[in-house]
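*Asks:*
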Amino acid sequence: MHVSEGFLGPQVLAAGWAVTAAGVAWGLKKMDEGEIVRVSMASSVFFLASLVNVKVGPSSAHLSLIGPVGLILGWSAFPAIFTALLLQAVLFQFGGLLVLGANCAAMALPAVLAHIVFGSFVRGANDKIAAAASFFAGAFAVLASACIVGLLLFFSDREMALTAKTIFAAHLPLSAVEGAVTLFMALFLRRTFPDVLRGAGQR
Amino acid sequence: MRSFARHSGDLAGDVSVSSRTLKTVGQIHRVKEGAPVPFRGACLPKKALEHRSAICICLLVPVLLLASPDSARAHGVGYRQAVKSAVAIEFYYSTGETMAYEEFRVYSPQDDKNTYQSGRTDEFGRCSFVPESPGTWRVVVSDMEGHRAEASIPIPEEFFDGGGDPRPIAVESPMPEGLDLYLRAALGVSVLFNAAAAVRLRKCM
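For the record, the sequence lines run as chains E and C.
Heads up: the first sequence begins at 1 in the numbering used here, then just goes up one per residue.
Heads up: the second sequence begins at 1001 in the numbering used here, then just goes up one per residue.
1) Alpha carbon to alpha carbon, what distance is there between E/V181 and E/A137?
2) Closest to E/Q88 by C-alpha separation, out of C/A1149, C/L1181, C/R1138 and C/S1053, would be which residue?
3) Do E/S64 and E/E178 come within 8 Å of each other at the CB atom, strictly closer than that value?
4) Assuming C/F1104 contacts C/R1120 (C-beta within less than 8 Å), just tell me the rounded distance between them.
5) CA-CA distance, E/A18 and E/F82?
6) Counting C-beta neighbours from all protein chains within 10 Å, is the total for C/V1025 16 or more, i.e. buried, or is it exposed?
7) In chain C, which residues lie with their C-beta within 9 Å of the C-beta of E/E33?
8) Can you give the Cα-Cα distance for E/A22 and E/T166, rounded to whole angstroms?
9) Tell me, which residues are paired with C/R1120 by DSSP?
10) Could you run through the segment 87-103 of chain E and flag, in chain order, every residue whose CB is less than 7 Å away from some CB of chain C?
11) Could you please give me the residues that DSSP links to C/A1149 through a beta bridge?
12) Which residues does DSSP pair with C/F1129 in a beta bridge?
13) Please classify E/C104: is it buried, with 16 or more other beta-carbons within 10 angstroms of its beta-carbon, or exposed?
14) Name, please, each residue of chain E whose Cβ falls closer than 7 Å to the Cβ of C/A1151.
15) I'd like to confirm the pairing. Which residues does DSSP put opposite C/Y1092 in its beta bridges?
16) At a CB-CB cut-off below 7 Å, which residues of chain E make contact with C/V1077?
17) Mind checking which residues open and close the alpha helix (DSSP H) that includes E/K30?
18) Under 8 Å Cβ-Cβ, which residues of chain E neighbour C/V1139?
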């Protein structure tokens, strides 16, 4: 899911940094200092998830866990994902530092959207609706992220339209895997720590 | 009917017959409705057609005779073993997986804009090219997920004298693997929790 350096144009990079800066600022403002450990825990999970490869046909993709991070953190997903991506860029050479803003926007925005759209259903009393909502939250976050990455590439270079479509198609099977992972994580958290699913700053 | 006959007589030697005129001629020759439209030359007299064919043959024969046998063979293909040495490189992700079947482009030292060669890597993430001049050659591999790797390959003069291999490739992003990978992962998690602890401590103080 990480876009590497050299693909995106300066305008797209600037737009990515603008969205990320606004999101991180808003996320930090909404985050209670007492929840910083929870945020760092979610950030660590996100940081390590990229090392887990999932075989998708002849190719492979890595888990992103954007959905679970969004459901757990809400707007705090922005600073959590930004920090994790920064460490991934420095330690594993995933993505890059210039493109960090665009990558963060592409992953944190779907996470926040998943929280806003599916969060209330996941926390609801009905187990079946909660299970379905968690699955769709995970799958939606991955596909929305793939869409944003595709749009970033398309706006940088119109000839990347086919690549953008391919990225979306390639993430369809991964979205099912992420949906299943999110489903099990959300059901476990509902039984053990239901308060965690409210999102940082909203407890 | 008289006017039709006059019309067809005017067009006896005209080649560019419009569809409207053809219809008129068809009516003159009483072509049945639904039958295929007659050939354009149908409106020309038989003698004129024979004359035109003769001119065409007269022009075509000298052209065919003058054509050299070399140009006839230009469409043939063949193969031979290349005597120049090739450079093969391998691309991989920082997780250790090879960049198999991904698109690669080669840029020569003289022209950094136009592609010297393009293609796809093999199953093991390898690609090769035959450099034509000394200098630093650039190979870029990109996949469909937005990953991109770039290799700079210095080719010395001696490479073309059969005197050895190109110098080692300048790898831009060394791949962490094995213990190094785990250490980096642990370092990342440690940084995250230490940052959280620092914030908590500052709050307590």
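Just so you know, even glycine gets a beta-carbon here, dropped at the ideal spot from N, CA and C.
*Replies:* In short:
1) As a first step, residue 137 of chain E is located in the first sequence; it is residue number 137 there, counting from the start. As a first step, residue 181 of chain E is located in the first sequence; it is residue number 181 there, counting from the start. Distance between the alpha carbons of E/A137 and E/V181 is about 11 Å.
2) Translated into the one-based positions of the first sequence, residue 88 of chain E becomes position 88. The candidate whose alpha carbon is nearest that of E/Q88 is C/L1181.
3) Translated into positions along the first sequence, residue 178 of chain E becomes position 178. Translated into positions along the first sequence, residue 64 of chain E becomes position 64. Cβ atoms of E/E178 and E/S64: closer than 8 Å.
4) Here residue 1104 of chain C is taken as the residue at index 104 of the second sequence, counted from 1. Here residue 1120 of chain C is taken as the residue at index 120 of the second sequence, counted from 1. Cβ atoms of C/F1104 and C/R1120 come within 8 Å of each other, at about 7 Å.
5) Numbered from its first residue, the first sequence carries residue 18 of chain E at position 18. Numbered from its first residue, the first sequence carries residue 82 of chain E at position 82. The straight-line gap from Cα to Cα measures roughly 13 Å.
6) Here residue 1025 of chain C refers to the residue found at position 25 when the second sequence is read from its first residue. Confidence in C/V1025 is poor, its pLDDT being 39 and thus under 50, which makes the residue's placement too unreliable to answer from.
7) Position 33 of the first sequence, counted from the first residue, corresponds to residue 33 of chain E. Here the neighbours are V1199, R1200, R1202 and K1203.
8) Counted from its first residue, the first sequence places residue 22 of chain E at position 22. Counted from its first residue, the first sequence places residue 166 of chain E at position 166. Answer to the nearest angstrom: the Cα atoms are 30 Å apart.
9) Position 120 of the second sequence holds residue 1120 of chain C. According to DSSP, C/R1120 bridges with C/E1103.
10) L87, L91, F92, Q93 and F94
11) Taking the first residue of the second sequence as 1, we reach residue 1149 of chain C at position 149. According to the DSSP secondary-structure assignment, C/A1149 is paired through a beta bridge with C/V1141.
12) Here residue 1129 of chain C refers to the residue found at position 129 of the second sequence. Paired residues: C/V1087.
13) The residue given as residue 104 of chain E occupies position 104 in the first sequence. By the 10 Å Cβ count, E/C104 comes out buried.
14) Within the second sequence, residue 1151 of chain C is the residue found at index 151, counting from 1. Here the premise fails: no neighbours, minimum Cβ distance about 13 Å.
15) Against the second sequence, residue 1092 of chain C aligns to sequence position 92. Looking at the DSSP assignment, C/Y1092 forms a beta bridge with C/T1098.
16) Against the second sequence, residue 1077 of chain C aligns to sequence position 77. The contacting residues do not exist; C/V1077 stays about 31 Å from chain E at best.
17) Here residue 30 of chain E corresponds to residue number 30 of the first sequence, with the count starting at 1. Looking at the DSSP string, the run of the alpha helix (DSSP H) that includes E/K30 is P10 to K30.
18) As a first step, residue 1139 of chain C must be located in the second sequence, where it is residue number 139. Under the 8 Å cutoff, chain E gives no residues; its nearest Cβ is about 14 Å from C/V1139.
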